[in-house]
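Visitor: Per my numbering, the sequence shown starts with residue 6, numbered consecutively. For each residue, glycine too, the CB sits at the ideal point set by N, CA and C. On a predicted model such as this, the values are computed, not experimentally measured, just so you know. Below is a structure I'd like to ask you about.
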Amino acid sequence: FPSHDTDAVISLINTFPEEQQFAARTRAKRPSEILRQDPLVIAMAAIAGKTEAEVDEFFRKYAKV
């Protein structure tokens with residue numbers, strides 16, 4: 006997600022249960038593996054206004070990167 010979306014991502018993570026926030030922040034800042042069905046990916050796509058088809062296309066496009 007573009008850096009200008011950082012505030013939206015942090016706001017989203019702040020709505021998570023406290024015990025999940027650290028892990029979510031870590032995944033958002035430095036993901037080592039990005040999973041299509043990760044709840045953070047799904048939530049970030051939703052706040053970015055992306056459709057499931059757009060997210061699927063993103064994963065297909067960057068699967069080999």
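When we look at the beta-carbon of Ala13 and count the other beta-carbons within 10 Å, is it buried (16 or more) or exposed?
Guide: Residue numbering aside, residue 13 sits at position 8 when the sequence shown is read from its first letter. Per the 10 Å Cβ criterion, exposed.
Visitor: Using C-beta distances below 7 Å, list every residue in its chain close to Glu59, excluding the 5 sequence neighbours before and after it, in chain order.
Guide: Against the sequence shown, residue 59 aligns to sequence position 54. Excluding residues within five positions, none has a Cβ falling inside 7 Å.
Visitor: Can you tell me the Cα-Cα spacing of Lys66 and Glu23, whole angstroms?
Guide: Looking up residue 66 in the sequence shown gives position 61. Looking up residue 23 in the sequence shown gives position 18. Roughly 34 Å between the two C-alpha positions.
Visitor: Where does Pro22 sit, in a helix, a strand or coil, going by DSSP?
Guide: If you number the sequence shown from 1, residue 22 lands on position 17. Reduced to three states, the DSSP call for Pro22 is coil.
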